[in-house]
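Peer 1: Before I ask anything, here is the structure I am working with.
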Amino acid sequence: MKIQNYINGTYQNPNSQDWLENFNPASGEVYGFIPNSNEVDVEHAFLAAKSAFPSWSQTSLEERSRILINISELLEAHLERFAEAESIDNGKPLTVAKTIDIPRAASNFRFFGHAITQFASESHETKGFSAINYTLRQPIGVVGCISPWNLPLYLFTWKIAPAIAAGNCVIAKPSEVTPMTAYMLGTLCTEAGLPPGVLNIIHGSGEKTGQAIVKHPNIKAISFTGGTKTGATIAKIAAPMFKKLSFELGGKNPNIIFADCDYDTMLETTVKSSFSNQGQICLCGSRIFVEQSIYTKFKSDFIQSVKQLKVGHPMETDTDIGALVSQTHLEKVLNYMSIARSEGHNILCGGHQVLVKNHENGYYLEPTVIEVNTNNCQLNQEEIFGPVVTIMPFETEEEVLNMANASNYGLSATIWTNNLKRTMHFTEHLQAGIIWVNTWMLRDLRTPFGGTKSSGLGREGGFEALRFFTEPKNVCIKY
Ligand code: NAP
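Letter by letter, the sequence shown follows residues 1 to 479 of full-length UniProt numbering.
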């Protein structure tokens, strides 16, 4: 099967007729081809977006809202089909795609369909000067959205929905590794009544298609989610052009467990925060720090729970851990097992590739727990982004706070405790954009989402996203 670019409301082959292979991670087989679009394709998309902008930016908020909610409802109506496609393309268990990815993609459109009708700007009465200031929030124009492979449609729509809601026209690129549901989305957008050119979906590699979007002088903002290194490459190109930039990047999130926590809830949630989506979620708690007094118990209970996780074909209903997204990614994660062995860390469980019966060429890996004796090692400092966590004990609050913050990343952190003073101390001093206390991945779409340090720049979510996708213009009137 060949998928196509969605430009100006129609599906089109790439200008160069250059195609990339698309692999099914569960079997390791090529099951389709995707355009490797170049700057000519991006220019076609740009011209379509540019000509759609004057009308779309003047479309009433009610009408934009109605169309976004239509898209959301269509996604819900086609949930099964989209979930299956997501699972095949990404390797994630079908149950995860059905209960998390596609419902969340639908929520993104519904949420921003509602949010735009409530988005308001400020006014300031300047006392003593008989003047009033008000701030217009105007759409930017044509914007670029670039998303990764781990939560394909979920993160793709998390950018597109606010961009469109705010009145922009969009050129969006999903990951070349997981293009399928973004491809399918085009048809639903047309059916929902989205005018041609408002959303253009271009496929291809980061180096070719992604770069063409970033380098385009008239694409005025880039919203990017992906790796920190890629973020730096994009910043180097886009910053001298003064593009607006929003970056959601990598993480190496601490999961801090105190002895006074609600143990059973903590244990169950820690298994999820370690291995959901094969550990390929930027918010996974990949560095687990456990208070010394419960360390031995936790270690034994955790390993027992992890060993019960079933690695299997994504379509099997009892599969907990599906396939990693690609051969390259599997090799990258396996390399950390070699590092663990060569540095003398203790692999407590897992550590090996899994051969799933009848799918021996798929990219499966055992969920892996590694005991490390320092936070200052490669395993604790580099993002592995697979079903791999490290654990180590701590003695004091001071010690664990220092270790949690001793990282280039600062995306999220989780703390398990029932001590209020400690909670307030940690939430104040942890260097992270998102902190969960006694829970994980509990999301309210109105909240600011994003990281500090090398984990990102700016925030997505709620009005933060609508602010990013608009240009404030202040007007001062003297009367
Ligand atoms: P990636 O390699 O950085 O790619 C992300 C996207 O950027 C893909 O669409 C990619 O295209 C494109 N791209 C690659 N090089 C580019 C370039 N030079 N110019 C423009 N675009 C380029 O990241 P990934 O491996 O897909 O995703 C995993 C990373 O994303 C992890 O680090 C994870 O932590 C991070 N992530 C962060 C968040 C968050 O909210 N903070 C959420 C999810 C994931 P190709 O696929 O074709 O290379």
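Glycine included, C-beta positions come from ideal geometry on N, C-alpha and C.
1. Got a sec? Which residues, its chain only, sit under 7 angstroms from Ser57 by beta carbon, not counting five neighbours each side?
2. Sorry if obvious, but does the Cβ on Gly450 come closer than 8 angstroms to a heavy atom of the ligand NAP?
3. Going residue by residue through the region 449-479, where are the continuous alpha helix (DSSP H) segments of at least 4 residues, counting only ones entirely within it?
4. The beta strand (DSSP E) that contains Glu395, what's its start and end?
5. Under 8 angstroms: do the region 304-321 and the region 356-374 share three or more Cβ pairs, one atom per stretch?
6. Please indicate yes or no: does the CB of Phe224 lie closer than 8 angstroms to some heavy atom of the ligand NAP?
7. Compare the beta carbon distance of Phe119 and Arg104 with 9 angstroms and say whether it is the shorter of the two.
8. Leaving out five residues before and five after Cys476 in sequence, what residues of the same chain have Cβ atoms less than 7 angstroms from its Cβ?
9. What residue does the alpha helix (DSSP H) around Leu379 start on, and which one ends it?
10. Under 8 angstroms: does the beta carbon of Val214 sit that close to some heavy atom of the ligand NAP?
11. Ordered along the chain, which non-local residues of its own chain (more than five positions away) have a Cβ less than 6 angstroms from that of Phe111?
12. Give the single residue among Val143, Ile234, Gly28, Glu63 whose Cα lies nearest to the Cα of Phe468.
13. Just to confirm, are Ser300 and Gly285 a CB contact at a threshold of 9 angstroms?
14. Starting from Gly144, trace the alpha helix (DSSP H) in both directions and tell me its first and last residue.
15. Three or more beta-carbon pairs under 8 angstroms between the region 392-409 and the region 423-433, yes or no?
16. Spell out the partners DSSP gives Ser246 in its beta bridges.
17. Any idea what DSSP makes of Arg446, helix, strand or coil?
18. For the ligand NAP, is there a heavy atom less than 8 angstroms away from the beta-carbon of Asn150?
19. Helix, strand or coil for Ile288? Go by DSSP, reduced to three states.
20. Taking the continuous alpha helix (DSSP H) assigned at Glu86, which residues delimit it?
21. Measuring alpha carbon to alpha carbon, tell me which residue in Thr414, Lys473, Ile213 is nearest Thr269.
22. Return yes when the C-beta of His114 is under 8 angstroms from any heavy atom of the ligand FMN, and no when it is not.
23. Return the bridge partner residues of Tyr11 from the DSSP annotation.
24. Give the straight-line distance between the Cα atoms of Lys98 and Ile347, rounded to the nearest whole angstrom.
25. Run the proximity test for Ile281: is its beta-carbon closer than 8 angstroms to any non-hydrogen atom belonging to the ligand NAP?
26. Return the Cβ separation of residue 499 and Gly113 in integer angstroms, given the expectation that the two are a contact with Cβ distance under 8 angstroms.
27. Is any non-hydrogen atom of the ligand NAP found closer than 8 angstroms to the C-beta of Gln211, if you look at the structure I gave you?
28. Can you tell me which of Lys236, Gly197, Ser205, Asn200 puts its alpha carbon nearest to the alpha carbon of Lys215?
29. Within the present structure, is the beta-carbon of Ser175 separated from the nearest heavy atom of the ligand NAP by less than 8 angstroms?
30. Does the distance between the C-beta of Phe46 and the nearest non-hydrogen atom of the ligand NAP fall short of 8 angstroms?
31. Check the DSSP bridge columns for Trp19 and list the partner residues they point to.
32. Is the closest heavy atom of the ligand NAP to the C-beta of His79 under 8 angstroms?
33. Start and end of the beta strand (DSSP E) containing Val369?
34. Excluding the 5 residues preceding and the 5 following Lys2 in the sequence, name in chain order all residues of the same chain whose CB lies nearer than 6 angstroms to its CB.
Peer 2: Reading it off the structure:
1. If we look at Ser57 and ignore the five residues flanking it on each side, its Cβ neighbours are Pro139, Gly167.
2. Indeed, a heavy atom of the ligand NAP lies less than 8 angstroms from the Cβ.
3. Whole alpha helix (DSSP H) segments, 4+ residues: 462-468.
4. Premise fails: Glu395 is in no beta strand (DSSP E) and is neither H nor E.
5. With a cut-off of 8 angstroms, the region 356-374 and the region 304-321 count as touching, because enough Cβ pairs lie within range.
6. Correct: Phe224 has its Cβ closer than 8 angstroms to the ligand NAP.
7. The answer is no: Cβ separation not under 9 angstroms.
8. Within the same chain, Cys476 has close Cβ partners Ala131, Asn133.
9. 378-381 is the extent of the alpha helix (DSSP H) around Leu379.
10. Short note on Val214: C-beta closer than 8 angstroms to some heavy atom of the ligand NAP.
11. Same-chain partners within the cutoff: Leu445.
12. The shortest CA-to-CA distance from Phe468 to any of Val143, Ile234, Gly28, Glu63 is the one to Val143.
13. In this structure, the beta-carbon distance from Ser300 to Gly285 does not fall below 9 angstroms.
14. Gly144 -> not in any alpha helix (DSSP H); beta strand (DSSP E) instead, spanning 142-146.
15. Output reads yes: the region 423-433 touches the region 392-409.
16. Beta-bridge pairing by DSSP links Ser246 to Ser223.
17. Three-state DSSP puts Arg446 in coil, outside helix and strand.
18. Yes, the ligand NAP has a heavy atom inside 8 angstroms of this Cβ.
19. Shown here, Ile288 sits in a strand according to DSSP, grouped into three states.
20. 79-90 is the span of the alpha helix (DSSP H), which, as asked, contains Glu86.
21. Checked all of Thr414, Lys473, Ile213; the closest Cα to Thr269 is Thr414.
22. Inclusion of the ligand FMN in the displayed structure is not the case, the ligand content consisting of the ligand NAP alone.
23. In DSSP, Tyr11 forms a bridge with Tyr6.
24. Cα to Cα, the separation comes out at about 33 angstroms.
25. It does: the Cβ of Ile281 is within 8 angstroms (strictly closer) of some heavy atom of the ligand NAP.
26. Limits of the chain in this structure are 1 at one end and 479 at the other, which puts residue 499 out of reach.
27. The answer is yes for Gln211.
28. Ranked by Cα distance from Lys215, the first of Lys236, Gly197, Ser205, Asn200 is Lys236.
29. At least one heavy atom of the ligand NAP is nearer than 8 angstroms to the Cβ of Ser175, so yes.
30. Phe46: no, Cβ never under 8 angstroms from the ligand NAP.
31. Paired residue(s): Pro35.
32. Before going further, note that residue 79 is Leu rather than His in the sequence given. For the ligand NAP, no non-hydrogen atom lies closer than 8 angstroms to the CB of Leu79.
33. Secondary structure note for Val369: its beta strand (DSSP E) is the uninterrupted segment 368-371.
34. Cβ neighbours of Lys2 beyond the five flanking positions: Phe33.
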